[in-house]
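K.L.:
Structure provided below as structure tokens; questions to follow.
Number of protein chains: 6
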Amino acid sequence: MSDSPGTLAAFRHFREKMNEAILNAGNVNIKRFFALDTRSYDAGALDVKTKELLGLVASMVLRCDDCITYHLVRCREERVTDDEFFDAFSVALVVGGSIVIPHLRRAVARLEELPAA
Amino acid sequence: MSDSPGTLAAFRHFREKMNEAILNAGNVNIKRFFALDTRSYDAGALDVKTKELLGLVASMVLRCDDCITYHLVRCREERVTDDEFFDAFSVALVVGGSIVIPHLRRAVARLEELPAA
Amino acid sequence: MSDSPGTLAAFRHFREKMNEAILNAGNVNIKRFFALDTRSYDAGALDVKTKELLGLVASMVLRCDDCITYHLVRCREERVTDDEFFDAFSVALVVGGSIVIPHLRRAVARLEELPAA
Amino acid sequence: MSDSPGTLAAFRHFREKMNEAILNAGNVNIKRFFALDTRSYDAGALDVKTKELLGLVASMVLRCDDCITYHLVRCREERVTDDEFFDAFSVALVVGGSIVIPHLRRAVARLEELPAA
Amino acid sequence: MSDSPGTLAAFRHFREKMNEAILNAGNVNIKRFFALDTRSYDAGALDVKTKELLGLVASMVLRCDDCITYHLVRCREERVTDDEFFDAFSVALVVGGSIVIPHLRRAVARLEELPAA
Amino acid sequence: MSDSPGTLAAFRHFREKMNEAILNAGNVNIKRFFALDTRSYDAGALDVKTKELLGLVASMVLRCDDCITYHLVRCREERVTDDEFFDAFSVALVVGGSIVIPHLRRAVARLEELPAA
């Protein structure tokens with residue numbers, strides 16, 4: 021398993037291609053899950069930015085690189101700044117421990133691919 | 021393992037007694053970790069309420085009841101409303117899956133012990 | 021945390037009471053998740069018994085006692101025999117390791133509360 | 021960490037080479053574990069197909085790509101159909117949550133490398 | 021779920037009773053796993069004390085209270101001192117993060133039930 | 021995700037580059053965590069070799085390849101022999117189950133890159 025992540029473009033290409041294959045397979049419960057997953061980050065009592073930060077930190081402590089990449093992109097679109105990202109990372113780190121560090125490294129490398137806030 | 025949680029008072033009593041025993045044991049790295057844990061939720065680029073919500077959702081997806089209780093109490097002190105709690109719960113649920121549900125039940129039972137926002 | 025589980029009746033009472041409180045809170049995404057969770061075990065290409073066994077083993081390796089109890093009850097209703105249960109337990113044990121053992125103990129204690137297959 | 025998986029041939033080559041190195045190292049408890057791991061999927065009260073599906077779903081919720089690949093191959097050898105796979109995936113998804121999705125993508129990509137049922 | 025642990029006597033009674041029930045159920049792979057679990061802590065290239073400390077820290081980062089209790093007892097029998105325990109706890113804490121803390125509290129409470137080293 | 025690991029040199033290069041980027045970002049709590057992480061393996065009541073072995077086994081059961089690589093290197097520097105490594109691996113395997121095996125394969129491949137003890 022390589023320590024440095026692939027490019028964001030490669031991530032997006034594979035994600036879109038496979039999401040399409042999954043949704044085309046016709047399993048209705050999986051389709052419902054994907055729809056619910058999207059809706060869960062819509063604005064509600066909490067705003068979109070806060071919910072994307074929640075998704076980011078949840079993904080970090082559960083150590084899912086692809087989920088982290090997805091939420092980094094969405095957070096940036098919601099104008100999360102670098103200092104806010106590192107503040108969120110520090111919570112993930114203290115809750116999840118040093119095993120979060122390799123994912124933090126890849127998250128910071130990924131962040132460098134994204135446009136500034 | 022009992023499904024319903026003990027009282028908040030029992031949680032607090034045991035937590036304080038044992039934290040004291042741990043800090044009195046004299047291991048400097050454990051003391052540093054406890055201090056860092058507390059500081060990680062101080063206001064920074066993100067405000068305290070957001071950071072406590074991050075800690076709450078991280079605790080839910082990692083399924084740590086005592087951590088959930090701690091952050092529920094702190095979130096309430098920061099004036100998190102019931103609707104905001106359930107919005108955060110919904111993110112934890114979709115990220116972490118149905119195994120989060122038993123912890124959600126105990127979180128909601130715990131919430132009923134706390135004063136209204 | 022107590023090693024022996026509470027009674028099945030206590031589990032059911034708390035589960036039903038809190039599920040009602042959760043669904044009454046009015047968060048639509050949480051309601052959708054609960055509905056999807058139920059539908060995921062309906063007969064499809066795989067029959068109900070197989071899907072409940074999948075839910076049971078998933079719950080064991082993720083070490084969620086309340087989830088295990090729920091699926092033990094549903095599996096028994098689907099006429100899973102004791103030998104079939106232990107065969108499923110053996111897969112959970114080898115995949116998940118010795119940390120599954122305390123949950124296996126509680127599962128077997130729970131099984132003794134259920135009617136024979 | 022790359023999002024798309026390597027080839028099945030590369031997986032098999034590395035797996036066989038390293039399993040041989042591990043077993044040649046002469047640690048008797050590790051040898052016993054490997055033997056027990058194999059035997060755990062033999063036909064018993066449950067048939068081989070059901071046990072391989074249990075192994076697959078356990079691997080998905082624990083998010084182990086190499087374990088998923090192994091059980092996908094074995095399930096296919098036991099004539100698991102695409103619809104049955106997606107039914108099993110839907111259980112893994114609802115139990116384990118959205119963090120299972122990246123592994124589901126890689127599982128479906130892997131499935132496309134396998135012969136039809 | 022209660023925050024404070026039950027007594028060591030209750031743990032031992034339930035553990036022995038259920039282990040007996042499990043082994044009497046006649047599943048040969050489960051029996052083999054239990055035997056292998058015991059043998060894995062026998063003296064080898066590493067001594068028993070070191071292996072029990074490895075089991076303890078593994079149990080802490082995986083957050084299994086009953087496993088922690090078991091290894092605390094065995095470590096004490098191998099003359100692990102309080103300072104050595106806290107040194108091991110500090111490694112578990114930094115690797116596993118603040119979600120280990122509730123288990124650390126219960127471990128220290130349990131330690132108070134054991135005879136001095 | 022590739023099953024075979026990248027080279028040790030690539031791991032070190034990426035690790036050092038990203039650690040520098042993380043520490044330069046100026047978040048004081050993250051800096052404190054990194055400092056505490058290093059200090060946690062200093063000699064105390066337990067010696068460095070034992071603490072590095074604890075870190076290794078914790079990393080294996082939590083299935084963090086980069087953490088495993090780091091502790092393999094440090095253990096080797098502390099003169100851990102091949103037989104001692106495999107003894108530690110056997111504890112990780114029985115505690116964490118067969119999902120540890122892919123990480124064990126990569127650990128053994130990594131070990132072949134390191135100088136003999």
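Protein chains in written order, with my numbering: chain G, 21 to 137; chain S, 21 to 137; chain H, 21 to 137; chain E, 21 to 137; chain Z, 21 to 137; chain A, 21 to 137. Glycine included, each C-beta is placed from N, C-alpha and C at the ideal position.
Let me see if you follow: with CB-CB separation under 7 Å, is H:L56 close to chain G or not?
P.N.:
H:L56 counts as touching chain G.
K.L.:
Answer with yes or no whether the minimum CB distance from G:S118 to chain Z is below 7 Å.
P.N.:
Interface residue, yes.
K.L.:
Mind listing which residues of the region 99–112 of chain Z have their C-beta closer than 8 Å to chain A's C-betas, in chain order?
P.N.:
Residues T101, D103, E104, F106, D107, A108, S110, V111 and A112.
K.L.:
Should the region 96–116 of chain S be called in touch with the region 26–39 of chain A, which here means at least 3 C-beta pairs below 8 Å?
P.N.:
Counting Cβ pairs under 8 Å, fewer than three are found: no touch.
K.L.:
In terms of alpha-carbon separation, which member of Z:E98, Z:A65, Z:R52 and Z:T89 lies closest to A:E104?
P.N.:
With distances taken between Cα atoms, A:E104 lies closest to Z:A65.
K.L.:
Suppose you measure from the CA of A:D86 to the CA of A:L134; what does that come to, to the nearest Å?
P.N.:
Distance between the alpha carbons of A:D86 and A:L134 is about 15 Å.
K.L.:
Can you check the region 26–99 of chain S for any alpha helix (DSSP H) of at least 4 residues that lies completely inside it and give the ranges in chain order?
P.N.:
For the region 26–99 of chain S, whole alpha helix (DSSP H) runs of length 4 or above, ordered along the chain, are 28–44, 48–59, 68–81 and 85–97.
K.L.:
Residues in the same chain with beta-carbon distance under 7 Å from S:K71, minus the five sequence neighbours each way, listed in chain order, please.
P.N.:
So the list reads Y61, once near-sequence residues are dropped.
K.L.:
Around the C-beta of G:R63, are 16 or more other C-beta atoms found within 10 angstroms, so that it is buried, or is it exposed?
P.N.:
It is Ala, not Arg, that sits at residue 63 of chain G in the sequence shown. Looking at its Cβ environment, which holds fewer than 16 other Cβ atoms inside 10 Å, G:A63 is exposed.
K.L.:
Whole-angstrom Cβ separation of E:A41 and A:V128, contact assumed at under 8 Å?
P.N.:
With a Cβ gap of about 5 Å, E:A41 and A:V128 count as contacting.
K.L.:
Taking Cβ positions, are G:P25 and G:R125 nearer each other than 7 Å?
P.N.:
No.
K.L.:
Tell me the DSSP secondary structure of G:Y110 in three-state form.
P.N.:
The identity of residue 110 of chain G in the sequence shown is Ser, whereas the question assumes Tyr. G:S110: helix per DSSP, three-state reduction.
K.L.:
Just the C-alpha distance for S:M80 and S:V120, rounded to the nearest angstrom, thanks.
P.N.:
Answer to the nearest angstrom: the Cα atoms are 7 Å apart.
K.L.:
Have a look at Z:K37 and A:P122 and give me their C-alpha separation to the nearest angstrom.
P.N.:
Approximately 35 Å, taken between the alpha carbons.
K.L.:
Measuring straight from C-alpha to C-alpha, what distance separates A:G46 and G:F106?
P.N.:
Roughly 9 Å between the two C-alpha positions.
K.L.:
Check whether chain G comes within 7 Å of E:L76, counting only Cβ atoms and requiring the distance to be less than that.
P.N.:
Cβ-Cβ to chain G under 7 Å: no for E:L76.
K.L.:
I'd like to know if A:S79 contacts chain E, where contact means its C-beta is closer than 7 Å to some C-beta of that chain.
P.N.:
No, A:S79 lies away from the interface with chain E (no Cβ there is under 7 Å from its Cβ).
K.L.:
Just the C-alpha distance for Z:A55 and H:R96, rounded to the nearest angstrom, thanks.
P.N.:
Looking at the two C-alpha atoms, the distance is approximately 29 Å.
K.L.:
How big is the Cα-Cα spacing for E:H91 and E:E132?
P.N.:
Roughly 14 Å between the two C-alpha positions.
K.L.:
Are the beta-carbon atoms of A:R94 and A:A137 separated by less than 7 Å?
P.N.:
Their beta carbons are not under 7 Å apart, which means A:R94 does not touch A:A137 by this criterion.
K.L.:
Thinking just about the alpha-carbon of each residue, which of H:C84, H:K69, H:T89 and H:S118 is nearest to the one in H:T101?
P.N.:
Closest by alpha carbon: H:K69.
K.L.:
Taking the C-alpha atoms as reference points, what is the distance between S:K51 and S:L43?
P.N.:
For S:K51 and S:L43, the distance between alpha carbons rounds to 6 Å.
K.L.:
Measure the Cβ-Cβ separation of G:L73 and G:A108 and say whether it is below 7 Å.
P.N.:
Contact: yes.
K.L.:
By Cβ distance below 6 Å, which residues in the same chain neighbour E:L28 in space, the five residues on each side in sequence not counted?
P.N.:
Cβ within range, chain order: E133.
K.L.:
Can you name the residues of chain H whose CB is closer than 9 Å to the CB of G:N49?
P.N.:
Residues of chain H passing the Cβ test: L56, R59, S60, D62 and G64.
K.L.:
Do you know offhand how far Z:T89's Cα is from H:S118's?
P.N.:
Their backbone Cα atoms lie some 14 Å apart in a straight line.
K.L.:
Give me, in chain order, the residues of the same chain whose beta-carbon lies closer than 6 Å to that of E:D57; leave out the 5 immediate sequence neighbours on both sides.
P.N.:
Closer than 6 Å at the Cβ level, and outside the excluded window around E:D57, lies no residue.
K.L.:
Mind checking if H:C84 is an interface residue toward chain S, Cβ cutoff 7 Å exclusive?
P.N.:
So yes, H:C84 belongs to the interface.
K.L.:
Expressed to the nearest angstrom, what Euclidean distance is found between the alpha-carbon atoms of G:N39 and S:N49?
P.N.:
Those two C-alpha atoms are separated by around 45 Å.
K.L.:
Can you tell me whether Z:E104 is helix, strand or coil according to DSSP?
P.N.:
Correct three-state label for Z:E104: helix.
K.L.:
Please list the partners that H:V114 has in chain A, where partner means a Cβ-to-Cβ separation under 7 Å.
P.N.:
Simply G117 and S118.
K.L.:
Against G:A129, what residues of chain A qualify as contacts under a CB-to-CB distance less than 9 Å, listed in chain order?
P.N.:
Neighbours of G:A129 on chain A, chain order: F34, K37, M38 and A41.
K.L.:
Sorted by chain position, which residues of the same chain lie with C-beta nearer than 8 Å to A:R130's C-beta, five sequence neighbours on each side aside?
P.N.:
Excluding residues within five positions, the ones whose Cβ falls inside 8 Å are P25, L28, I88, T89 and L92.
K.L.:
Counting contacts by CB-CB distance shorter than 7 Å, is E:R96 in contact with chain G?
P.N.:
Answer no: the Cβ-Cβ gap between E:R96 and chain G never drops below 7 Å.
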